[in-house]
Amino acid sequence: MTWSQQYNSDILHLNIVGTSVIVLSSMQTAIDLLEKRSDKYSHRPPMPMVNELMGWDFHFAFIKYGERWRNLRRLFYQTFNPTAVLEQYPKMHAACHELLRRLVRDPENFVHHLRHMTGEIILWAAYGIVVRPENDPHVKRAEDAMRAMTHAIIPGRFLVDSIPALKYLPEWFPGAGFKRLAREWRELSELMIDTPFAEVKRNMAAGTAPISSTSTQLGNIRHPDEERAVKEVAGAMYVSGVDTTMSTISYFVLAMLSNPDAQRKAQEEIDSVVGDGRLPTFADEPLLPYVSSLVKEVFRWIPSGPVEAEDEYHGYRIPAKSIVMVNVWAIFHDETTYPDSHSFKPERWILDGKPNLAMSSPLDAAFGVGRRVCPGKQFAYSSVWITIASILATFDITKAVDENGNTIEPTYEYLSAAITQPLPFKCSITPRSPEAERLISETILVENA
């Protein structure tokens with residue numbers, strides 16, 4: 029039972045080391061506050077550890093609502109708006125096909141391959157950088173920086189977030205070990221955003237820079253001080269998408285292990301529409317309603333700002349400076365909206381063979397509500413959709429067996445942090461047929477033509 033069920037309330041108040049945290053557990057409450065009263069609920073807490081000491085104030089998701097936030101978000105949207113995303117489709121196809129080839133060669137390391145694919149797509153969009161097949165330094169730096177950030181951003185993890193004056197303590201002072209950690213972690217974030225940005229500038233000077241968000245925006249700046257904003261937005265692009273996209277597709281793999289009927293139905297739909305002579309493309313999406321419903325159900329099944337003035341909602345007084353968080357898990361597992369919510373049921377999104385328009389899309393909550401909604405949600409959804417459709421077209425996902433032939437049951441456990449990720453699990457990913465394997469191998473010929 030969730031706390032919202034236990035206390036029969038979709039608004040909960042927590043006090044974490046003196047910080048007021050308001051948790052919203054229904055979509056209607058989130059809309060009422062974060063959209064209809066967005067002037068009060070679009071800000072962010074100061075977060076001294078992450079923003080000031082670790083240097084993550086380059087990311088518009090962590091800074092206060094205002095002119096700088098609007099400018100960074102506007103630059104971000106230039107690359108990730110629905111129209112601009114269409115330009116990224118060829119790279120998404122190519123990266124997805126590379127993923128399929130990797131799965132044929134080494135299916136056990138599918139999580140590693142997923143991370144490589146998502147990094148490849150976003151690094152190309154942001155910087156025009158082609159990642160190395162293995163051990164890419166840009167991907168490694170981003171992984172290290174993200175690992176540090178997700179550790180530090182949890183409310184109550186570091187006392188300096190509740191007592192900001194502690195940030196002035198020297199590293200040698202007793203109890204100030206967080207300052208050493210922050211310095212080391214700051215170096216990671218600076219390397220993550222400085223190194224690829226410098227590479228783009230060098231390539232532009234040499235006349236060899238591919239078209240990317242960074243090269244395009246640098247070519248359009250009118251004042252030198254605009255360069256910093258371009259660099260910050262490019263850094264935000266990478267860290268905004270890699271872990272969330274990788275986790276979502278990992279949950280898809282996990283869902284298929286216990287839902288073979290859903291996998292079979294999706295494969296039958298792909299076979300009838302796409303056939304066995306080619307791989308799915310984005311042009312097939314309108315013709316694959318069950319596949320799209322399955323993707324929506326993945327987002328729902330296991331999903332991956334402070335108030336500036338006092339407010340009142342349904343008799344609840346929300347104190348100023350509170351941190352307001354949306355409990356996406358509770359929203360997606362509300363039995364009133366999603367009966368049998370813990371079961372994986374793509375059918376809930378379909379009515380008479382067509383998308384059920386009476387059901388609100390899970391993307392409405394999965395990517396945020398109000399002014400803080402993720403501006404890259406169409407980019408993320410598109411990369412997830414083409415990856416899932418392509419895997420379903422070419423592979424069977426089944427439970428693994430041990431050396432004695434016994435089925436290994438997955439645990440369905442996950443690591444809950446800033447981004448939820450499934451704990452490592454075993455599975456079997458095998459080509460559906462020799463024809464499917466041939467299609468996969470031929471993708472390299474098409475892309476090298």
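According to the working numbering, the residues represented by the sequence shown are 29 to 477, in order. Glycine included, every Cβ here is placed at the ideal spot set by N, Cα and C. The structure presented is a predicted model; accordingly, all values stated were derived computationally and were not measured.
Excluding its 5 nearest sequence neighbours in each direction, R214 has C-beta neighbours in its own chain below 7 Å: L81, M82, G83, listed in chain order.
Under the DSSP assignment, F138 falls in the alpha helix (DSSP H) whose first and last residues are 138 to 155. Residue pairing from DSSP places Q449 in a beta bridge opposite L443. Between the C-alpha atoms of T435 and D424 there is a straight-line separation of about 16 Å. If you draw a straight line from the Cα of M265 to the Cα of G433, it comes to about 44 Å. Contact annotation: L151 and H140 have beta-carbon atoms that are not nearer than 7 Å. In terms of Cα proximity to R256, the closest of Q449, L103, P459 is L103.
S461 carries a coil assignment under DSSP once its states are collapsed to helix, strand and coil.
DSSP, reduced to helix, strand and coil, places T273 within a helical segment of the structure shown. Within the model, the alpha-carbon separation for P438 versus I472 is close to 33 Å. Under the 10 Å beta carbon count, N287 is surrounded by 16 or more other beta carbons and is classified as buried. For K454, the closest alpha carbon among the candidates R96, N99, E136 is that of E136. Per DSSP, I425 is one residue of the beta strand (DSSP E) stretching across 423 to 426. With a cutoff of 7 Å on beta-carbon distance, E325 and P374 are scored as near each other.
With fewer than 16 other Cβ atoms inside 10 Å of its own Cβ, S469 counts as exposed. Boundaries of the alpha helix (DSSP H) around E297: 288 to 301. Around the beta carbon of I182, fewer than 16 other beta carbons lie within 10 angstroms, which makes this residue exposed. Judged by DSSP in its simplified three-state form, I191 adopts coil rather than helix or strand. Annotation: the continuous alpha helix (DSSP H) that includes V323 extends over 317 to 329. Shown here, V51 sits in a strand according to DSSP, grouped into three states.
A distance of 7 Å or more separates the beta carbons of P308 and S240. Secondary-structure assignment with DSSP links P198 through no beta bridge to anything. Just measuring C-alpha positions, the residue of I359, A262, T458, F201 sitting nearest G396 is I359.
By the beta-carbon neighbour count (other beta carbons within 10 angstroms, threshold 16), L467 is buried.
For N248, the uninterrupted alpha helix (DSSP H) run begins and ends at 241 to 248, by DSSP. Burial state of D189 is buried, judged by a 10 Å Cβ sphere holding 16 or more other Cβ atoms. When secondary structure is reduced to three states using DSSP, T365 falls in the coil class, being assigned neither helix nor strand. In the DSSP annotation of this structure, the continuous segment of the alpha helix (DSSP H) that includes P224 starts and ends at 205 to 234. DSSP places K382 in the strand class (E or B) of the three-state scheme.
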